[in-house]
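Chains as they are written, first to last, in numbering that gives the first Met the number 0: chain A, 0 to 98; chain B, 0 to 579.
C-beta: ideal position from N, C-alpha, C; glycine also.
Worksheet: the structure to be examined is printed underneath.
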Amino acid sequence: MDEKPKDINSGDGNGQDRPEIDLAKHSDHHMIPVWFFVGVILLIYGIIIFFTGISERADPPLEALKSMPTWVQHPAIWWGALLTVIGGIYVYAYTPRKS
Amino acid sequence: MHLFFSIPPLMLWFGAPDITQVAKRLILLSPVDIAIIAIYFAMVLGIGFYLQRYTKSGEDFFLAGREMTAWVAGLSFVSANLGALELMGWAAAAYQYGILATHWYWIGAIPAILFLGLVLMPFYYISKTHSVPGYLKLRFGEPTRALSAISFAFMTVLMSGINMYAMALVMKVVLGWNIHFSIWVSSLTVGAYVSLGGLFSAIFNEVLQFFLIWLGAMLIPILGLVETGGWRGLIARIHQNYPQGDYTHLWRGLGHFSDNPMGIHWTGIVLGLGFVISFGYWNTDFLVVQRIFASKDIRAAKMAPIIGSYFKMAVPFIVILPGLLGLALLPFKLVPESAVGLGQHSYNEVLPLMLARYCGPGLLGLGITALIAGFMSGMAGNVSAFATVWTYDIYRPLIRKNASDDHYLSMGRWCTILGVIISIGTAYLVMSFGSIMDYVQALFSFFVAPLFGTVLLGMMWKRVTPAGGFWGLLAGSVSSIGMFLMVKFDPCTLAYIALSTGAKDMAENMYRALWSWLICVIVTVAVSYVTKPKPVEELTGLVYGCTELPDEGDLPLWKRPIFWAVISAVLFLILQWIFW
């Protein structure tokens, strides 16, 4: 109950009894890197947006996009493809693998 | 960034209560868009549940085990600041004031961030404290910590509630969503993932949110520049639409208060914003600094803000440019919130208007997800910082001193929930009494500028005494409150604070911060000279000159923080020159 706190702010404020942080205790982590989660959500979004763009490519573009080059007029297609590629790269690079 | 600093135009929404009654909707979402938003919520909650297993100690919960790399800490550092209020508020400011709004991203951020990385971070890191108030305790003693911690904790949850209400209001205006639904769903989601995984979870989600914000918002400037024919076409259209005002120069119109739409002088921008407010926020506001505390080693702690500086410098591309594009391309003029009539739109709606202009199904969902992600990253930052400061700087020293680490971990989880509940309460309070927003916003500003004076002197000068630190901080805060009340009761006195009759509200914040910082410094120095300083041996690891900074080792030049900081500084100067 009255275990001495491991906190590093303990002491009398003179800065003399601040114990070192034990970083070694985390060395056995096998945490999935955050980049993997980033890749997963970008991949999912990319696929959804890309196929949404494909399904609507026959529809007229938004008014503001009509004057733009043809390939720009359906941004969902190329932006979705870009997200898919970025997401795919991150997923591939950071998928946890057994070493 | 906190509201007083970052989003004045958006806050005008609070001054127009009838806006909540206006049944309008800028954007209609398709099922695909709803699915994209739902996937986002599922992902952030999933990350929280996943990280719960790694959050076993106070160190894990409050400082993410201090094992974040420079990139993760740096992106999280920027993301915690990149709230959606920031996105929408500064896009609105860019429409209203032109490129002047960029000052809040460049001179109002970059020098301070580099200073944090190169100068202050080593001391924060070496002192091995959990928080900024924790450093004040080590340097000045318990009273200074208590003053700082209580004001920070109180203001943080209030600001979180204001953020939440603003988000719900935006969702109502833009999407037509029920305001209560937005408040409860977003806040409970943040509360769930932060209480499960602590700072681990907050940081992981902030990195995720960083990508979503950028990839969701970046299409607007890209397509906008295609439509205008590039930057020169954009400028030409703005000049054509608004031949009277100067919306395209950073510094040229700052020679006199009346020469620019902000009503501010360059001294206010350089000294008030660029020095006091910016350095105060980026160097002492625990909301952002906590992310750097989680770095795995001192090099990562120095590199993280420097990495963040590059992204901060690029944020105007997704925030300011949409506002300028609105000036150039929208076929109608946006008006102040107080002047919105039937069929009109306010400055605050410029970003959603541009989103609707270019984005169809799918992309709209991504854009709205970017806004929601921004809101949630800001709120998670507030809540996680509150949990840390409450547990380690208020609860433990003042209420229960010698409990176990498990007890403090449990307290951290519970006060995360408590922070969310208080935030919800604040949101409803603001909903009922909109003018409270003005006061809370100002309250936060009372403490940031003087706190920077206290921390800076404490770190740089060993002669500063505990009494000097406490009384300086108190005098700075009290003087700031005094100036605020003075202008509130007699607006004419703004001319004395800003030293000009042409000064506007924006100038008040800048000069009030400057004076309160100066008063803090003067009182700190004066009291220190008449009180007894701490022995030098007690200042080891806390003060420059008494601390041996760790050697970075024999690293090649391109791996050294100073190298990347210099490049960042040079880029910053080049941008000032280009957009002068």
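| Query | Result |
| --- | --- |
| Proximity to Leu513(B) [Cα-Cα], best of Leu354(B), Val447(B), Trp557(B) | Val447(B) |
| Lys558(B) versus Pro132(B) - alpha carbon distance | 31 Å |
| Option in Pro315(B), Met170(B), Val524(B), Val288(B) with minimal Cα separation from Trp89(B) | Pro315(B) |
| Coarse secondary structure for Ser422(B), derived from DSSP in three states | helix |
| Residue burial classification, Pro490(B) (beta-carbon count within 10 angstroms, cutoff 16) | exposed |
| Among Leu25(B), Ala79(B), Thr101(B), Leu86(B), nearest to Ile577(B) - alpha-carbon criterion | Thr101(B) |
| Any C-beta of chain B under 7 Å from that of Thr94(A) | no |
| Neighbouring residues, chain A, relative to Met42(B) (Cβ below 8 Å) | Phe36, Val39, Ile40 |
| Per-residue burial, Trp70(A) [other beta carbons within 10 Å of its own, 16 or more giving buried] | exposed |
| Amino acids of chain B, ordered along the chain, whose beta-carbon sits closer than 7 Å to that of Thr83(A) | The premise fails here: Thr83(A) is roughly 12 Å from chain B at the closest Cβ pair, so nothing lies under 7 Å. |
| Chain B within 7 Å of Leu71(A), Cβ atoms only | Checking the sequence shown, residue 71(A) turns out to be Val, not Leu. It does; some Cβ of chain B falls within 7 Å. |
| Environment of Pro360(B) [buried if 16+ CB atoms lie within 10 Å] | buried |
| At least 3 beta-carbon pairs within less than 8 Å: the stretch 32 to 47 of chain A vs the stretch 197 to 216 of chain B | yes |
| Gly271(B) to Ile518(B) span [Cα, whole Å] | 14 Å |
| Contact with chain A by Phe203(B), beta-carbon distance below 7 Å | yes |
| Cβ of Val33(A) within 7 Å of any chain B Cβ | yes |
| Start and end residues, alpha helix (DSSP H) containing Trp389(B) | First-last for Trp389(B): undefined, no H or E at that position. |
| Simplified DSSP assignment, three categories, for Met67(B) | strand |
| Coil, strand or helix - Val334(B) by DSSP | strand |
| 6 Å CB neighbourhood of Gly481(B) in its chain, flanking five on each side removed | none |
| Simplified DSSP assignment, three categories, for Ser66(A) | coil |
| Chain A within 7 Å of Val334(B), Cβ atoms only | no |
| Backbone CA spacing between Phe60(B) and Ser159(B) [nearest angstrom] | 20 Å |
| Selected residue, minimal CA-CA separation from Pro532(B), among Leu198(B), Lys55(B), Gly457(B) | Gly457(B) |
| Pairwise C-alpha distance: Asn162(B) and Gly197(B) | 20 Å |
| Residue-level contact to chain B via CB, Ala80(A), 7 Å cutoff | no |
| Extent of the continuous alpha helix (DSSP H) to which Asn282(B) belongs | 277 to 283 |
| Any 3 or more C-beta pairs closer than 8 Å across the stretch 144 to 155 of chain B and the stretch 122 to 136 of chain B | yes |
| Chain B contact for Ala57(A) (CB, 7 Å cutoff) | no |
| Any 3 or more C-beta pairs closer than 8 Å across the stretch 467 to 481 of chain B and the stretch 295 to 303 of chain B | no |
| Counted within 10 angstroms of its Cβ, other Cβ atoms place His29(A) as buried (16 or more) or exposed | exposed |
| Whether Leu86(B) touches Val463(B) by CB criterion (7 Å) | no |
| Of the listed residues Gly325(B), Leu326(B), Ser567(B), Tyr346(B), nearest to Pro335(B) (C-alpha basis) | Tyr346(B) |
| Status (buried if at least 16 other CB within 10 Å, exposed otherwise) for Leu37(B) | The sequence shown places Ala at residue 37(B), not Leu. By the 10 Å Cβ count, Ala37(B) comes out exposed. |
| CB contact below 7 Å: Arg356(B) versus chain A | yes |
| Beta carbon of Ala583(B) nearer than 7 Å to that of Thr266(B) | Residue 583(B) falls outside the range modelled here, since chain B spans only 0 to 579, and no answer is possible. |
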